[in-house]
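Worksheet: the structure to be examined is printed underneath.
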């Protein structure tokens with residue numbers, strides 16, 4: 063009877079050690095990708111400020127047309143390209159972070175709690191696994207919150223670009239179809255802005271609750 067119990071304990075410990083190794087590897091890869099995440103966020107920040115500067119230029123040009131360069135249509139197109147690149151970078155970040163959250167959810171702590179019950183060493187390993195999982199999850203959620211916040215700010219720059227385009231090209235006066243498409247895109251942008259802002263705020267509230275529980 064002793065042998066099966068010993069084997070069972072050993073198997074539980076091996077499973078827990080394997081899961082702990084998974085999270086250690088995740089932490090290692092997270093540290094290695096820190097520079098890439100910083101560059102991605104920095105690129106979105108830069109696009110935001112450059113687009114905002116271009117919007118201010120076009121706004122001042124309404125009163126001082128001479129400050130607007132002759133190639134302003136080309137510059138507007140470049141600005142739109144930068145904004146699209148910023149949105150794609152943000153969406154890529156959201157997709158990768160949500161993928162990480164799904165992998166965290168796949169680790170069933172309840173399962174390990176049930177099989178480790180009564181096993182002192184296994185319970186110690188389970189506690190270590192819980193700490194590793196919680197630490198990694200907090201990092202992922204914080205990164206996700208930052209990306210949503212950046213995308214929410216980026217929508218402000220897109221608002222500016224759309225406003226300057228409307229004042230320059232007069233969509234509603236020249237084409238009803240163009241005006242309708244503009245309106246649809248504008249209200250879709252508002253929805254995206256609200257969604258990103260709510261996601262950033264909800265993640266921040268979750269983080270505060272976790273800190274309150276830890277205290």
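Residue numbers (our numbering): 63 to 277.
C-beta atoms are modelled at their ideal positions from N, C-alpha and C, and glycine is treated no differently.
- Taking a 10 Å sphere around the C-beta of residue 206, we find 16 or more other C-beta atoms and assign the residue as buried.
- Around the Cβ of residue 252, a 10 Å sphere holds fewer than 16 other Cβ atoms; the residue is exposed.
- Note that the C-beta distance between residue 152 and residue 216 is below 8 Å.
- Taking residue 90 as reference, the option from 260, 197 and 245 with the minimal CA-CA separation is 197.
- Counting only runs of 3 or more residues that sit fully inside the region 64–151, no beta strand (DSSP E) segment turns up.
- In this structure, residue 113 lies near residue 222, with their beta-carbon atoms less than 8 Å apart.
- In the structure shown, the three-state DSSP call for residue 192 is helix.
- When DSSP states are grouped into helix, strand and coil, residue 172 belongs to the helix group.
- If you check the CB distance, residue 173 and residue 188 do not come in under 8 Å.
- Taking the C-beta atoms as reference points, residue 103 is found no nearer than 8 Å to residue 201.
- Rounded to the nearest whole angstrom, the C-alpha separation of residue 99 and residue 171 is 29 Å.
- Relative to the Cα of residue 81, the nearest Cα in the group 167, 238, 181 and 213 belongs to 167.
- Sorting 210, 119 and 88 by C-alpha distance to the C-alpha of residue 157 places 210 at the top.
- By the Cβ-count criterion, residue 178 is buried, with 16 or more other Cβ atoms from all chains shown falling within 10 Å of its own Cβ.
- In this structure residue 73 is exposed. Its beta-carbon is surrounded by fewer than 16 other beta-carbon atoms within 10 angstroms.
- Under the 10 Å beta carbon count, residue 124 is surrounded by fewer than 16 other beta carbons and is classified as exposed.
- Residue 205 carries a helical assignment under DSSP once its states are collapsed to helix, strand and coil.
- Per DSSP, reduced to three states, the secondary structure at residue 178 is coil, with no helix or strand assignment.
- Ranked by how close their Cα comes to the Cα of residue 192, the residues 183, 176 and 169 have 169 in first place.
- Sequence-distant Cβ neighbours of residue 88 in its own chain, meaning closer than 7 Å and more than five residues away, are 198.
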